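J.:
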Amino acid sequence: MSSELPIGVDIGGSGIKVAPVDLDKGALAGDRVRVATPTPATPAAIAAVVASAVAAIAGTGTVGLTMPSVVVDGVVKTASNIDASWIGTDAVSLFEKATSRRVAVVNDADAAGSAEMRYGAGRGHDGVVVLITLGTGIGSAVFFKGVLVPNTELGHLRLHHRDAEDWAAESVREREKLSWSEWAHRLSSYLGHLERLLYPELFVIGGGVSHKSDKFVPLLECTTPIEVAQLHNDAGIVGAAMVAPVEAT
Ligand code: BGC
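The numbering of the sequence shown is this note's numbering, which starts it at 2 and goes up by one.
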């Protein structure tokens, strides 16, 4: 096995975060590089930004990347909060060419959930665990006996006649200037819907706003226990690095 640390790349609607990751500790192993997501967020524009951010990290580790999209066998299938030209793009080929490294690409919430299951709030939970990321959109990752069901996309469930994420994402709280309690009321309704579908053992609340969990988590009303993501916004980077190809020597 290569001794090089894998690199995690978390591609979001507003920023792209890159760092080497220590998989023994489940933590960033060096400075995190953050660059703004280019507009429009086309495949070529993002690939160029990712290539220079990866080149700025010491070493030659392989790369795991997350996208805010359904990703099947490295191919992007949906684009809710990125440029529509991503649909059908072979993201693995694109980023391998751009970075000249071996890469793997997965859904952002699946990556964050995998990191929380291995290193954070999900540890030791063997039943159904549902991680929800609250940001520009709503991402989901569902586990049973620690095994991920990929690309669940529960942020797009219909709720109150629209996509749940168009009503309850963190970006909606900001845009509509909702109070914490108004937003918590919407989130409770959404979590209640998930409860009735999946009867989870645990909800894990992630995404950038998990740093402000004291403002809204105590206001949530639901039967399922709720834990806040322990890796907060680094969960995506760590989870990305977890899927980086393991190079043979
Ligand atoms: C996308 C998901 C993604 C989530 C969080 C949603 O709009 O459809 O794939 O996980 O946003 O970024």
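All residues carry an ideal CB built from backbone N, CA and C; glycine is no exception. Quick caveat: nothing in here was measured; it's all calculated off a predicted structure.
1. Taking 8 Å as the threshold (C-beta atoms), are Leu-132 and Ala-105 in contact?
2. Under the criterion of a Cβ to heavy atom distance below 7 Å, does His-212 qualify as lining the ligand BGC?
3. Just the Cα atoms here: how many angstroms apart are Asp-164 and Ala-236?
4. On the premise that Asp-11 lies in contact with Ile-238, defined as a C-beta separation below 8 Å, what is that separation, rounded to the nearest angstrom?
5. Could you tell me the alpha carbon to alpha carbon distance between Val-19 and Val-64, rounded to whole angstroms?
6. Mark Leu-198 as exposed unless 16 or more other C-beta atoms lie within 10 angstroms of its C-beta, in which case mark it buried.
7. Could you name each continuous beta strand (DSSP E) segment of 3 residues or more that falls completely within the region 124-208, going from the start of the chain to the end?
8. Output the distance between the C-alpha atoms of Ala-142 and Ala-230, rounded to the nearest integer angstrom.
9. Just the C-alpha distance for Ala-301 and Val-218, rounded to the nearest angstrom, thanks.
10. Flag this pair as yes or no: are the beta carbons of Glu-202 and His-126 separated by less than 8 Å?
11. Below 8 Å on the Cβ atoms is my guess for Leu-95 versus Ala-52; work out the distance and round it to an integer in Å.
T.: Walking through what the data contain:
1. Along the sequence shown, read from residue 1 onward, the residue named residue 105 stands at position 104. Along the sequence shown, read from residue 1 onward, the residue named residue 132 stands at position 131. Going by C-beta atoms, Ala-105 is not nearer than 8 Å to Leu-132.
2. Residue mapping note: residue 212 aligns to position 211 of the sequence shown, counting from 1. His-212 Cβ: outside cutoff for every heavy atom of the ligand BGC.
3. Stepping through the sequence shown from its first residue, residue 164 is reached at position 163. Stepping through the sequence shown from its first residue, residue 236 is reached at position 235. Using only the alpha carbons, I get a separation of about 25 Å.
4. Indexing the sequence shown from 1 puts residue 238 at position 237. Indexing the sequence shown from 1 puts residue 11 at position 10. Right, their Cβ atoms sit about 5 Å apart.
5. Position 18 of the sequence shown, counting from 1, holds the residue named residue 19. Position 63 of the sequence shown, counting from 1, holds the residue named residue 64. In a straight line, the C-alpha of Val-19 is about 10 Å away from that of Val-64.
6. Position 197 of the sequence shown holds residue 198. With fewer than 16 other Cβ atoms within 10 Å, it is exposed.
7. 130-135, 139-145, 148-150, 203-207
8. The residue labelled residue 142 in the question sits at position 141 within the sequence shown. The residue labelled residue 230 in the question sits at position 229 within the sequence shown. Each residue's Cα considered, the two are about 12 Å apart.
9. Lying outside 2 to 250, the shown extent of the chain, residue 301 is not represented and no answer is given.
10. As a position in the sequence shown, residue 202 is number 201, starting the count at 1. As a position in the sequence shown, residue 126 is number 125, starting the count at 1. Yes. Within cutoff.
11. Reading the sequence shown from its first residue, position 94 is the one you call residue 95. Reading the sequence shown from its first residue, position 51 is the one you call residue 52. That belief does not hold up - the Cβ atoms of Leu-95 and Ala-52 are roughly 10 Å apart, past 8 Å.
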